Structures are given as structure tokens and as C-alpha cells.
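J.: First the structure, which I've put down as C-alpha cells, then a few questions once you've had a look.
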Amino acid sequence: MITLPQRSSIEPHRLPQRQVLRDWSNAKDTTTTHPRVPCTGARGVLLDSSNVLDVPRPTQRDLGRDYPEPTFGSYDALGLSKGWMTFEQRYGPYGYEKNSSSEARHTSPSVDWNSVDWGALVDECAKANDARFRLPKVMSQRRPRFRLFDDNDAKQHQEEEETEVPQHETGRQAIILRTWSTYEYYPEDLWNLRSIITEASLATHGDYQVFLLVDLKCGEACQDVFTNATLHQEILEKSVPKEFWNVAVLVHENLQRSWYPKVEETRSMWQIMQPLQLFAHFYPEFDHYWQLEMDARFTGNVGNMLQAFDLFGREQPYKQARERASWAYMSSQHGTYAEFSSAINSSLNGNATIWGPDRIKNVEPLLLPNNNDNKNDPLPPSPLQDNFTHALHRPADLLLLTQLNDVRLFERHSDWVFAEWYLGGFTPHIPRYMSVPAQARASYSLLEAIHRSQHEQGLRVASEATLPSWALWLGLKIVGLPIPRFQFPEREAHELGWVLNGGLPGEKGRFEDGIARGDGVYRGSSLGFFLRPLTFDWWSSLCDPMWEWWMMEGEEGEDGEREREEEERKKKDGNHPEYVVVPKKELPGFMHMVDGEVYMPEMLLHPRKSNLYHAPG
């Protein structure tokens with residue numbers, strides 16, 4: 001049991017009123033009356049269909065094989081494209097160069113990346129498309145908005161009350177990349193950032209806006225960063241490469257302490273969502289906020305993937321969404337996603353384990369049966385009265401990249417060491433939910449509600465439990481994304497299904513509640529080895545070697561070193577595949593080599609460590 005500090009005696013302050021729940025009842029598509037305007041890329045050329053230099057294109061070669069079927073998740077369920085790319089095809093437009101000839105050779109003039117101002121390009125793109133967004137204006141991101149909370153600051157309260165917060169869908173989403181002031185930016189990091197901004201922001205005509213949220217690690221020396229413009233600029237220039245200055249937002253621990261004094265914890269290991277909550281509060285013009293880490297990689301087009309994720313979330317009904325999210329969907333075991341959903345419904349006899357909010361006394365729900373603000377789509381009194389139509393075509397308030405887990409089902413403290421870490425008048429058996437890693441997409445409504453709970457009441461749960469728990473307490477729509485994930489070396493599919501899910505929905509009467517109960521989730525510390533390594537996980541040793549394979553870093557002269565490294569790791573622990581190093585002569589089955597070029601399918605990877613960094617604090 002983790003020892004909790006004594007509760008603060010600070011009295012909660014009630015924030016000025018804001019409409020927390022965004023209204024979707026009058027949402028409309030403005031693209032018919034206001035067409036999309038192409039935006040300019042880093043080479044000064046419009047990113048339209050004729051531009052083959054700035055945005056990567058999948059190979060046109062016939063690789064002579066079927067597209068790989070992922071161990072978990074599905075390309076078809078999410079509507080993802082099935083392209084192949086070499087490393088140079090993927091990152092050639094963003095500065096990667098290879099001496100050998102390649103299908104991806106780029107003949108355009110080289111870019112002086114130091115002279116590129118991504119912030120200006122993104123702002124121009126948003127302004128060119130502002131007629132499509134339901135905002136009075138597209139706010140410039142250049143002016144720092146964070147400020148410390150001061151209960152006695154009348155000006156601050158007036159600004160809070162006058163802040164123009166959209167009350168309906170705006171059509172814009174933010175992508176928040178979490179970094180810190182001591183982070184070392186290697187060339188690979190720069191290629192990755194350029195690809196995300198180009199593909200997710202510029203190529204989508206401003207639907208997404210990318211930010212670097214920079215956690216300052218300079219202690220008291222920079223605590224005045226929010227009131228001293230000169231200091232702010234100095235720290236910005238020291239912390240972030242020049243081309244990204246105008247997409248960076250600085251955050252300091254004292255900002256969290258000033259807004260959340262009753263939470264009594266600001267360290268990222270415990271409260272990684274606090275800066276995201278504050279970002280949504282100060283940048284309310286976005287409907288949703290993706291939180292991604294610097295070691296996440298998209299091997300395919302970022303914008304296309306995120307748009308597919310968004311569409312999947314919209315097409316999922318509210319009914320039984322929590323149950324579906326608890327499963328690791330495997331097409332080899334569950335059939336199509338529609339068949340999988342039908343099996344869960346059968347196991348529940350058309351009912352649901354939770355309808356509306358998972359009520360607790362500490363949090364006031366945003367949605368209640370027959371009593372919500374969305375008059376055009378009220379939540380029916382019972383799930384049996386809903387034919388999977390409620391919230392259909394409405395975006396999810398929370399998109400999860402991995403399974404949703406009920407914290408109360410963990411068998412031992414070691415299975416998730418943060419299980420009993422909570423504060424704020426919660427009872428010992430309060431319903432709590434988690435999903436790892438702490439990367440997801442959260443709505444403005446969800447983040448603002450958490451912000452108010454923490455500011456006014458000091459409510460807290462651990463980082464990975466914050467978004468899922470509040471989403472369910474509030475009664476919001478939560479959707480688990482069946483993203484493609486590959487395992488290598490791969491176990492038998494039926495064994496993985498038993499360990500991670502506990503079997504099939506409704507099998508032998510074990511799943512009357514429709515919730516996956518695999519030992520690999522609820523006995524994670526003892527059975528995690530069976531599930532690893534995966535291409536997306538909270539931790540995996542597969543991503544680095546497969547990435548190096550893709551880069552062809554294992555070529556000429558490095559075979560011996562790679563083999564020696566592999567043998568050393570085998571000596572450390574021959575029983576745990578999390579120590580695996582992809583052998584030089586054993587390319588993972590989901591990758592493919594043709595004529596000396598390694599091709600990668602499209603997926604989201606985590607974690608790919610560009611360096612052995614560790615964020616202090």
C-alpha cells in the first residue's frame with residue numbers, strides 16, 4: 001500500500017462558470033459550403049494531390065505477398081490503408097538521406113530546416129481554412145496563454161469569465177507531443193516531428209494542430225517563465241530546435257501546483273494528465289486533444305491514421321462501448337469486428353454493465369438517462385431500450401489505444417503498483433479504470449471536467465487511470481481502438497486469447513458481464529512475459545530492433561556486434577521474450593525484404609527510443 005500524504009487544508013476555489021459539456025446537437029458539415037483549402041508545406045509548395053515531394057507515398061511495387069494480419073487489432077475494422085514503405089520512402093521528404101539508389105529518391109532542392117517556421121505554416125493553414133471551423137476566429141498560437149492561478153487576481157477572474165469558449169463542435173483537434181527541456185533531439189526525432197506536422201496538420205487542411213508541450217526541468221531558476229517574457233523566450237530557445245519554436249508551449253511544475261494545490265502531487269509518473277488538462281483549459285478551441293509521447297512512431301501517414309481513428313469512434317454506439325473496450329480484439333479468434341460486437345451483445349443478453357455514469361458521490365455526471373443537455377439524442381432510461389443508436393455518429397470523448405481495465409480486478413499489488421493510489425474522499429472500493437500507456441485522445445468536455453475536479457476538490461487517481469475513470473464517472477462515450485499490433489516471436493493465437501482475454505465472449509457462461517478477464521491483464525506482473533514483445537505496448541524491446549532493421553542499420557560490419565548483443569541478453573534471462581533482439585537473419589514476419597530493401601506495413605509503434613533518455617523528475 002502506498003502511503004498518502006496528509007490532506008491539504010487549502011479551501012477549494014470555485015472556478016468561473018463554463019459550459020463543460022460541448023453541444024453536438026447542431027453539429028454540421030461545413031465542407032460543402034466552405035471547401036478545403038490546400039496548405040503550403042516546408043518546400044513552399046501546396047500540399048495537394050499533385051505534390052509528390054512533401055508527403056510520402058506507399059510503394060507501387062508488387063511485393064509478391066499478402067498484407068500481414070496483426071496479432072491484435074485490425075486494419076479492416078479501422079478502415080486503415082494497407083501500404084508498404086521503405087524507411088527512405090517514409091522519411092526521405094523530412095530530411096533522411098540514403099546514399100544507395102532507391103525508389104524513394106527525392107530530386108527536390110534540399111530544405112534548410114533551420115529556416116522553416118512550422119508555427120507560421122500551421123497558423124497560415126488554419127487561417128486559410130477558418131471558414132470551415134465553427135469558431136469566431138482561429139486563435140493564433142504564438143502568444144503564451146498559461147498563467148499561474150491567483151485567487152486574489154481580479155483581472156484573472158475577469159479574463160476567465162470572458163474567455164470565449166466554444167459551446168459546440170469546432171471541427172479542430174490538437175495533437176500534444178509530450179517532451180521536456182532536457183530532451184536530446186536526434187535526427188530521427190526531427191524527421192518524426194516534421195512528418196506529424198506535415199501529415200496531420202498541413203495535409204488535413206488544419207483539422208489538427210500540433211504542439212510540443214515542453215515540461216521544464218530547470219526548477220526555481222525558471223519558475224517565473226509565465227510572467228517574464230524575456231525568460232520565456234530564452235528558455236524556449238534553449239529547449240527546442242529552432243524550427244519548432246512556434247509550435248512549442250512551455251509548462252512548469254509550479255503551474256500545476258498553483259492550479260491543483262489540493263491534489264498534492266504534480267510529478268509526471270503520478271499526474272501526467274495535469275499539463276494536458278491545463279492545456280485544454282487555456283486552449284479551448286479544440287474539440288479533442290491527442291496526447292502522444294516522443295517515442296511514438298507512425299510508419300504510415302499520420303493524418304490518415306488519426307482520421308480513421310476518429311471515424312471509428314464516431315461509428316461506435318454508446319451501448320456496450322465499455323465492454324468492447326475491455327477486450328483485445330483478435331480477428332483470428334473473434335471474426336470480424338461486427339461478429340465480435342454481436343458476441344458481446346449476446347453474452348449480455350442485450351443489456352450493459354454500466355448505463356450512463358458509473359456513479360460516485362465525488363463527481364457530478366455530465367450525462368444521465370433521460371436527463372442530458374443533448375436534447376436531440378437523449379440517453380434512454382435503459383440499455384434494453386436502445387437499439388445501438390445512442391451517440392452513433394458522435395465522436396468519442398475518450399479514444400483508447402489499448403484495453404480498458406477495471407482496477408478492482410487486479411489480483412496483487414505488483415500487477416499494477418498504482419492501483420491503490422488515490423485521494424479526495426474516495427472510498428476503498430470506488431470503481432476505477434485504467435489503460436496503459438498514458439496515450440489517448442480526450443475531449444474538451446472530459447479534460448475540463450477533470451480540471452475542475454482536481455482544482456476544486458483535489459480528486460486524484462494515478463496517471464493511467466485518470467482519463468478512463470473520469471470518463472466513466474461522468475457517463476461519457478469511451479471507445480477502445482483495435483489498432484494493429486504485432487507480436488514477435490508470435491505465440492499461438494488461441495493461447496494469447498486465453499491469457500489476455502480469458503477466452504471468448506460468453507464462452508461456457510464465463511462472461512455474463514461481457515468484460516474481458518484475462519490473466520495477462522489482471523496478473524500482469526507474472527504473465528506479462530507471455531504477451532511481449534509487441535509493436536505497441538507500455539514497454540517493448542521489439543520496436544528498437546525492428547526499427548533498426550527498417551533503417552538497415554544492421555547492414556555491413558554490424559552482424560557480429562548484433563549477435564554478441566543478442567547472446568548477452570539471452571544470458572541475462574533466456575525465458576523472457578521482452579529481452580528479445582531481432583536476429584540479423586530473422587526479419588519479423590510482418591516485415592518484408594525485396595532486393596535489399598526492407599518494407600514496413602503501416603502501424604503505430606511504441607516505444608521507439610531514439611536515445612537512452614530518461615526524463616528527470
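Heads up, the sequence shown stops at 617 in UniProt numbering, and the numbers go up one at a time, no gaps.
Here a beta-carbon is modelled for each residue, glycine too, at the ideal position from N, C-alpha and C.
Remember, predicted model here, so these are calculated numbers, not experimental data.
(1) With 16 as the cutoff for other CB atoms within 10 Å, does Leu-409 come out buried or exposed?
(2) For Arg-178, which residues in the same chain have their Cβ closer than 6 Å to its Cβ, ignoring the five residues on either side in sequence?
(3) For residue 621 versus Thr-535, is the C-beta distance shorter than 8 Å?
(4) Secondary structure at Arg-608, three-state DSSP: helix, strand or coil?
(5) Is Ser-81 helix, strand or coil by DSSP?
(6) Only counting the same chain, and skipping five residues up and downstream in sequence, which positions put a Cβ closer than 7 Å to that of Ser-201?
(7) If Phe-309 sits next to Leu-481, beta carbons under 8 Å apart, how far is it from one beta carbon to the other, in whole angstroms?
(8) Considering only residues of the same chain and omitting the five flanking positions on each side of Glu-556, which have a CB-CB separation below 7 Å?
(9) I need the boundaries of the beta strand (DSSP E) containing Ile-176, first residue and last residue.
(10) With DSSP collapsed to three states, give me the class of Met-591.
(11) How would you label His-281, buried or exposed, when you count the other beta carbons within 10 angstroms and need 16 or more for buried?
(12) For Leu-423, which of Val-263, Leu-399, Leu-190 has the nearest alpha-carbon?
(13) In three-state DSSP terms, what is Glu-586?
(14) Terminal residues of the continuous alpha helix (DSSP H) containing Gln-209?
(15) Considering Cα atoms alone, identify which of Asn-114, Gly-73, Leu-53, Ile-515 is closest to Ala-352.
(16) Count the other CB atoms within 10 Å of the CB of Asp-287; is the residue buried (16 or more) or exposed (fewer)?
(17) Which residue's Cα is closest to the Cα of Gly-350: Phe-72, Asn-114, Val-20, Asp-513?
(18) Could you say if the stretch 298–318 and the stretch 385–398 meet the contact criterion of at least three C-beta pairs nearer than 8 Å?
(19) Can you tell me where the beta strand (DSSP E) with Ser-435 in it begins and where it stops?
(20) In the DSSP output, which residue or residues are listed as bridge partners for Ser-346?
(21) CA-CA distance, Pro-383 and Leu-531?
(22) Just verifying my parser: in three-state terms, what is the DSSP assignment at Asp-23?
(23) Thinking Gln-173 and Trp-290 are a contact (beta carbons under 8 Å), I'd like their distance in whole angstroms, please.
(24) How should Lys-238 be labelled, buried or exposed, when 16 other C-beta atoms within 10 angstroms of its C-beta is the threshold for buried?
(25) What residues in its chain sit with their C-beta under 6 Å from that of Ser-443, if we drop five residues either side in the sequence?
(26) Gln-89 to Val-594, Cα distance in whole Å?
(27) Leaving out five residues before and five after Pro-395 in sequence, what residues of the same chain have Cβ atoms less than 6 Å from its Cβ?
(28) Quick check for students: name the residue ranges of the alpha helix (DSSP H) that lie wholly in the stretch 225–258, counting only runs of 4 or more.
(29) To which residues of the same chain is Trp-539 closer than 7 Å at the C-beta, ignoring the five residues directly before and after it?
(30) So the candidates are Thr-182, Lys-609, Gly-425, Trp-549; which of them puts its Cα closest to the Cα of Gln-600?
(31) If I follow the unbroken alpha helix (DSSP H) through Leu-531, where does it start and stop?
(32) Do you know how far the Cα of Asn-228 is from the Cα of Arg-267?
(33) Less than 7 Å between C-beta atoms, sequence neighbours within five positions excluded: which residues of the same chain meet that for Ala-471?
(34) Report, in whole angstroms, the separation of the C-beta atoms of Trp-180 and Asp-215, which I expect to be a contact under 8 Å.
(35) What residue does the beta strand (DSSP E) around Ile-478 start on, and which one ends it?
(36) Roughly how many angstroms lie between the CA atoms of Glu-285 and Leu-53, to the nearest whole one?
T.: Walking through what the data contain:
(1) Label assigned to Leu-409: exposed.
(2) Answer for Arg-178: Leu-213, Glu-293, listed in chain order.
(3) Missing from the structure shown is residue 621; the chain here goes from 1 to 617 and no further.
(4) Coil at Arg-608, not helix or strand.
(5) In this structure, Ser-81 counts as coil in the three-state DSSP scheme.
(6) Spatial neighbours of Ser-201 in its own chain (CB-CB distance under 7 Å, excluding positions within 5 residues in sequence) are listed in chain order as Val-122, Cys-125, Tyr-208, Gln-209, Val-210.
(7) Right, the Cβ-Cβ distance comes to about 6 Å (below 8 Å), so this counts as a contact.
(8) Per-residue confidence for Glu-556 stands at a pLDDT of 41, beneath the threshold of 50, marking its modelled position as unreliable; the derived number appears in the next sentence. Closer than 7 Å at the Cβ level, and outside the excluded window around Glu-556, lies no residue.
(9) 173–180 is the span of the beta strand (DSSP E), which, as asked, contains Ile-176.
(10) Assignment of Met-591 by DSSP, reduced to helix, strand and coil, places it in the coil class.
(11) Counting every other CB atom within 10 Å of its CB across the protein chains shown gives His-281 a total of 16 or more, marking it as buried.
(12) Selected option, being the one with the closest Cα: Val-263.
(13) Note: Glu-586 maps to coil in three-state DSSP.
(14) Note, Gln-209: premise wrong, no alpha helix (DSSP H); beta strand (DSSP E) at 208–215.
(15) Ala-352 has its Cα closest to that of Ile-515, out of Asn-114, Gly-73, Leu-53, Ile-515.
(16) Buried, because 16 or more other Cβ atoms sit within 10 Å of the Cβ of Asp-287.
(17) Selected option, being the one with the closest Cα: Asp-513.
(18) The stretch 298–318, when compared against the stretch 385–398, does touch it at the 8 Å Cβ threshold.
(19) For Ser-435, there is no enclosing beta strand (DSSP E), as DSSP gives it neither H nor E.
(20) In the DSSP assignment, no residue is bridged to Ser-346.
(21) Taking the CA atoms as reference points, Pro-383 sits about 34 Å from Leu-531.
(22) In the structure shown, Asp-23 sits in a strand (DSSP, three-state: E or B).
(23) Confirmed, about 7 Å.
(24) Counting Cβ neighbours within 10 Å, Lys-238 comes out exposed, since fewer than 16 surround it.
(25) Take Ser-443, set aside five residues on each side of it, and the residues of its chain with a beta-carbon closer than 6 Å to its own are His-288, Asp-397, in chain order.
(26) Going from the Cα of Gln-89 to the Cα of Val-594 covers about 14 Å.
(27) Only Gly-313, Arg-314 meet the Cβ criterion.
(28) Every unbroken stretch of the alpha helix (DSSP H) spanning 4 or more residues and falling wholly within the stretch 225–258 is given here in chain order: 229–239.
(29) Residues of the same chain with a CB within less than 7 Å of the CB of Trp-539, apart from the 5 flanking positions on each side, are Pro-607 in chain order.
(30) In the sequence as displayed, the identity of residue 600 is Met instead of Gln. Nearest in C-alpha terms to Met-600, of all of Thr-182, Lys-609, Gly-425, Trp-549, is Trp-549.
(31) Where Leu-531 is concerned, the enclosing alpha helix (DSSP H) starts and stops at 524–531.
(32) Looking at the two C-alpha atoms, the distance is approximately 24 Å.
(33) Answer for Ala-471: Asp-397, Leu-398, Leu-446, Ile-478, listed in chain order.
(34) Trp-180 to Asp-215, Cβ: 4 Å. Contact.
(35) Segment 478–480, the beta strand (DSSP E) holding Ile-478.
(36) Each residue's alpha carbon lies about 32 Å from the other.
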